[in-house]
Amino acid sequence: MASRPTGFPNTQIELLRVETNLFNLYIQGKPFHPTVETLQLHRQSGEEWVEAHFQISSLMSSIAVESIAVFSQERGELVPWVSGNPVQPIFYETQSYELVIEKKQDIALSFHHDSAYIRQAIKPLGSRLLSGILNFQNEVGHTELELRLNGEAAFRLQLEIFPSKMDYKRDYQMILNDVNEIIYNLSFDFLRKTYHLTGLKETQHQSLTEFFAILQHVFNQLVQAVERIQQAPHSKLQVEKRLVEAARVRKAGRENVTYLAKHPQLLVEDANNGLISVGAQRYTPSHALETKRYVDYDTPENRFVRWVLLRIQQKLKDLKTRLAQKGRLEDPHLVRKISLMQTQLQRLLKLDFLNVGDMRQMSISLVLQMAVGYREVYRYYLMLMKGLAIQSDLFRLSMKDLALLYEYWCFLKIHHLLSQQYVLVKQDVVRIDRSGLFVTLDKGQSSRMVYRNPKNGETFTLFYNALSAGDQTPTLPQKPDNILTLKKNNALVEYKYIFDAKYRLNPAYEGTPYHRSYKMPGPEEDDINTMHRYRDAIVYMDDKEKQYERSMFGAYVLFPYHDEERFQQHKFYKSIEQINIGAFPFLPNSTSLMEKFLDEIIKDSPEKAYERATRPRGTKEYYKNKFSGKNVLIGALSQKEQLDAALEHRFYHTPLNNITDHKLLTQIEYVALYQSIQLFGRDEAGIHVYGKVADWKVVPRREITLIPSRHGAADELYVVFTIEEWVRRAKPILPGGNGVQRVMYASKHVFDRAGDLGELYSR
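Using full-length UniProt numbering, read the sequence shown as starting at 1 and increasing by one per residue.
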C-alpha cells in the first residue's frame with residue numbers, strides 16, 4: 001500500500017534470497033526510502049505501488065534455481081516469488097545495499113557489472129563468499145548483476161532502480177521522452193529545408209501499432225530507395241599491394257623504385273637483359289610489387305542502411321510476437337502483410353553492397369543527406385525513429401545518471417518553453433560538418449540557443465554550461481548550468497539570469513531544522529547560497545570605465561518537486577520577488593511557475609528589468625552624488641592659443657563626442673580649464689581658472705570662428721559653453737601624477753578643496 005506498515009523496521013533487512021544448487025545470493029538493505037515515503041512517489045492512481053521490473057535467468061544448464069524469495073511491502077517479510085508475479089519497488093538510487101554470495105562448492109565464481117564502480121565493490125571474502133556494498137548513486141532504471149563461472153556468464157539478476165526525488169512513471173519516463181523528442185525535433189528542423197514531410201502527425205508515445213502504420217506508409221518507397229542504391233552504391237577504392245615474382249607482375253608502379261632501393265637483395269645481376277644500372281653492372285629484380293585495386297562497399301553509409309533494415313526487421317518480429325500473445329494471429333491479412341515485409345527485408349539484406357560489417361558509430365554524413373537513394377532511406381529513418389528501439393546494442397547502457405539527465409532536461413525544457421512563443425534563430429546543440437550530424441549537448445561542452453521575439457524584434461540567448469561573452473570571474477571560476485541573456489531594445493546593457501539545475505531536494509522531514517524553518521519540501525540551502533555566489537562572483541569588465549560591474553540580474557535553482565501550488569508559500573519562492581534569488585520546482589508536469597516567470601522577464605521594459613536587481617546599500621545616495629553633485633566640467637585645452645581665446649571671449653568648446661552621457665549637459669554648472677604639462681610646461685600646468693556657465697549650445701565646428709580649427713572638421717558637432725566670468729583660483733590644482741585627456745567631472749564641493757588632480761579622480 002502507499003504507506004509502510006506501522007513499526008516498519010528502520011534497519012537493514014533481507015530483501016532478496018536466491019538459492020541454487022551451486023550458490024545462494026542475498027541482498028540486504030532498507031526496502032523503502034524516506035524521501036519516497038514523504039513525497040508519496042511511485043504510486044498508481046490509487047494508493048497501490050507501481051510494479052517493478054524483476055527477472056532472474058540461469059544462463060548455464062549446470063545451474064538450477066531452487067527457490068526465490070522477495071520482500072513484500074504489505075507483509076513486511078520475504079515471500080516466495082515465481083516468474084510473472086508482480087514485485088514492488090524496493091531498490092532506490094543513492095541508497096546502499098549489501099550483496100552476499102555464498103558458494104556451496106569450490107567453484108570459480110566471479111561478479112560482473114557494467115559499472116566499474118559497482119563491479120569493484122564486490123570482492124571475495126575467504127574461499128566461499130563474495131560480498132560488498134551496492135550503491136547505484138544517481139543512476140536509475142534497469143540494471144543487471146551477473147555472475148560468471150570460469151569467466152563465462154552463468155547467472156543474471158535484473159533489477160529496477162527507482163528515483164528517490166521524482167516519480168518514476170510520471171516524471172522520469174516523461175523526462176526521457178522529452179529529451180528524445182526535443183533532440184529529435186531539433187535534428188529534424190535542422191534538415192527540414194531539404195525534406196518537407198506532410199500528412200504525418202508525430203505522437204508523444206509511439207506504440208507498435210503506430211510504428212506499423214507509418215511503416216506501411218513508407219515501406220514501398222523504402223524498398224525502392226534501397227534498390228536505387230543497388231544500381232550505384234557508395235563505395236571506396238581500396239589498393240592492395242603484394243610481392244610476387246617479377247615474371248608474373250602485370251603492372252608495376254613507380255613505388256617499385258623506392259621499394260627495390262630499400263630491398264637490394266631482390267636484385268639479380270643480369271649483364272644482358274638487366275633493366276637497372278648500378279655503376280658498371282646491370283640488374284634485374286627477382287620480385288616486384290604488384291598493385292591491385294578493388295571496390296569496397298564496406299562504408300559507414302552502407303552500414304547505416306543495413307542497420308536501418310535490421311532494426312525494422314526486429315520491430316516486425318516483436319510485433320508478430322505481440323500479436324501472438326494477444327491471439328491476433330488468426331487475422332490472415334495482417335499476418336500475410338507482415339510476412340511479405342519480412343521477406344522483402346531478407347531479400348534486400350542479401351544484396352551485395354549490404355554485405356558489410358555492423359554499425360558501431362552513428363555518423364550521418366553528407367552522402368546520407370544528399371546522395372540518390374541514401375537520402376530517401378535517411379528520410380524514412382527519421383520518420384520511423386520513434387519506433388526504433390533506442391536501447392539497442394549500439395546505445396546499450398545499464399542505467400542512466402539521473403542527475404546529469406535532469407540537467408540536460410532542464411536546458412532542453414527551457415528551450416521548449418521559449419520556442420513555443422519565440423523564433424529559434426540559431427542553435428548549436430545539433431551541428432553538422434563534413435563527417436556528419438552530431439548532438440553536442442555534453443557536460444564538457446557549451447551550447448546555446450538564439451531566439452527572436454517576433455513582436456518587437458528583440459533577441460535573447462540561452463547558454464548551457466558556458467558564460468556569455470564578456471563575463472568573467474576575477475577570483476575563482478564559476479560555470480552555472482543555464483544562463484538566459486536578454487537584449488532589450490533601447491538598452492545598452494544585457495540582462496542575464498541564471499537557472500541552475502540541481503537534482504537535490506530537501507524533503508523537510510518532521511522535526512528537522514529545515515522543516516522548522518520552511519514547513520515544506522524545497523531546495524537545499526547550500527544551493528540557494530550558490531545562487532548568491534554566482535550573482536556576486538560573475539562580473540563584466542566595462543572597457544570604457546575600466547571597472548567591474550555585476551552582470552547577473554538574478555539566479556534561481558531548478559529542483560525536482562511537483563507541488564507548484566504549495567511551493568508558492570515557500571520562503572525561497574517569495575525571495576524571487578524580493579531579491580531576485582530563489583527557486584522554481586521544475587518537472588515535466590510542473591513547469592507553469594517557470595513558464596510564467598520567463599514570460600515576465602522577456603516582456604519586461606529595461607527599467608523594470610533593472611529594478612528587479614538588488615542594489616547595494618547607499619546606491620541611491622551614490623548616484624545622487626555621482627550625477628547631481630558632479631556639476632563641474634574640467635576640460636583639456638587642445639592648443640596653447642585656446643587659453644587666450646577662452647579667457648578673452650569667456651567661452652570653452654569641446655567636441656560633443658567627449659560628453660559620453662548627454663544628460664550631463666543639463667547638470668554642468670561650472671567649467672574649469674586644464675593646462676597640460678606638454679603645452680604649458682610644469683610651472684604653468686594644472687587648473688588655474690574656472691567659471692560659472694551662463695549658457696551652452698551644440699554647433700558645427702565651422703561656426704566657432706574665434707579660434708580656427710587645425711583639423712578641418714567643419715561639420716563635427718561641438719559643445720560651446722558661455723562663461724559668466726572666469727575666476728582664478730587662489731591655489732591651483734596641480735597635475736600630480738595624473739592628467740585630463742579630454743574632459744572629466746567633479747562636484748563643486750570636492751573641486752573647491754582639491755590640491756591636486758588625483759583627489760578629483762579618487763572621489
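Idealized CB from N, CA, C, for every residue including glycine.
With a cut-off of 8 Å on the beta carbons, I'd call residue i and residue j a contact; round off their distance for me.
{"i": "Tyr-380", "j": "Ile-229", "result": "Actually they do not touch by this definition, with Cβ atoms about 13 Å apart."}
{"i": "Tyr-294", "j": "Gln-346", "result": "Going by Cβ atoms, the distance from Tyr-294 to Gln-346 rounds to 27 Å, so no, they are not a contact pair."}
{"i": "Leu-486", "j": "Leu-462", "result": "The Cβ separation is near 10 Å, so there is no contact."}
{"i": "Tyr-509", "j": "Pro-34", "result": "7 Å"}
{"i": "Val-79", "j": "Ser-72", "result": "5 Å"}
{"i": "Ile-723", "j": "Val-671", "result": "6 Å"}
{"i": "Pro-588", "j": "Ile-122", "result": "Not a contact, Cβ separation roughly 35 Å."}
{"i": "Gln-158", "j": "Glu-144", "result": "5 Å"}
{"i": "Ile-161", "j": "Tyr-92", "result": "7 Å"}
{"i": "Ile-707", "j": "Tyr-718", "result": "The pair is not a contact, with the Cβ atoms about 11 Å apart (cut-off 8 Å)."}
For residue i, name the three-state secondary structure that DSSP assigns.
{"i": "Glu-37", "result": "helix"}
{"i": "residue 790", "result": "The requested residue 790 does not occur in the structure, where the chain is confined to residues 1 to 763."}
{"i": "Tyr-514", "result": "helix"}
{"i": "Asp-296", "result": "strand"}
{"i": "Arg-535", "result": "helix"}
{"i": "His-113", "result": "coil"}
{"i": "Arg-360", "result": "coil"}
{"i": "Ala-153", "result": "strand"}
{"i": "Phe-304", "result": "helix"}
{"i": "Gly-758", "result": "helix"}
{"i": "Met-341", "result": "helix"}
{"i": "Trp-409", "result": "helix"}
{"i": "Leu-354", "result": "helix"}
{"i": "Ile-118", "result": "helix"}
{"i": "Ala-466", "result": "coil"}
{"i": "Leu-59", "result": "coil"}
{"i": "Val-223", "result": "helix"}
{"i": "Ile-483", "result": "strand"}
{"i": "Leu-437", "result": "Legend: pLDDT at Leu-437 = 47, less than 50; position of this residue unreliable, no value from coordinates given."}
{"i": "Phe-553", "result": "strand"}
{"i": "Ser-277", "result": "strand"}
Taking the continuous alpha helix (DSSP H) assigned at residue i, which residues delimit it?
{"i": "Gly-681", "result": "677-684"}
{"i": "Ser-592", "result": "592-603"}
{"i": "Met-370", "result": "366-370"}
{"i": "Ser-235", "result": "That residue, Ser-235, is in no alpha helix (DSSP H); it is neither H nor E in DSSP."}
{"i": "Glu-577", "result": "571-579"}
Assign residue i to one of two classes, buried (16 or more other C-beta atoms within 10 Å of its C-beta) or exposed (fewer than that).
{"i": "Ser-61", "result": "exposed"}
{"i": "Ser-127", "result": "exposed"}
{"i": "Ile-677", "result": "exposed"}
{"i": "Met-370", "result": "exposed"}
{"i": "Lys-104", "result": "exposed"}
{"i": "Gln-120", "result": "exposed"}
{"i": "Ile-133", "result": "exposed"}
{"i": "Pro-513", "result": "exposed"}
{"i": "Arg-250", "result": "exposed"}
{"i": "Ala-694", "result": "exposed"}
{"i": "Gly-84", "result": "exposed"}
{"i": "Thr-660", "result": "exposed"}
{"i": "Glu-494", "result": "buried"}
{"i": "Pro-163", "result": "buried"}
{"i": "Ala-685", "result": "buried"}
{"i": "Gly-755", "result": "exposed"}
In the DSSP assignment, find the beta strand (DSSP E) that holds residue i and state where it starts and stops.
{"i": "Ile-498", "result": "494-501"}
{"i": "His-142", "result": "139-149"}
{"i": "Tyr-652", "result": "651-655"}
{"i": "Arg-254", "result": "Run containing Arg-254: none; DSSP gives neither H nor E here."}
{"i": "Lys-426", "result": "423-427"}
{"i": "Lys-103", "result": "96-103"}
{"i": "Glu-269", "result": "267-269"}
{"i": "Ser-67", "result": "65-72"}
{"i": "Arg-282", "result": "281-285"}
{"i": "Arg-448", "result": "447-452"}
Using 7 Å as the cut-off, classify the Cβ of residue i as near or not near the heavy atoms of the ligand ZN, replying yes or no.
{"i": "Asn-456", "result": "For the structure depicted, the ligand ZN is absent and the ligand set is empty, with no information on it obtainable."}
I want to see whether chain B comes within less than 8 Å of residue i, judged by CB atoms only; does it?
{"i": "Arg-170", "result": "Absence of chain B from the displayed structure is noted, only one protein chain being present."}
Worksheet item: Which runs of the beta strand (DSSP E) fall wholly inside the region 703-753 and span at least 3 residues, in chain order?
Response: Unbroken beta strand (DSSP E) runs of no fewer than 3 residues, entirely contained in the region 703-753, are found at 717-733, 743-746, following chain order.
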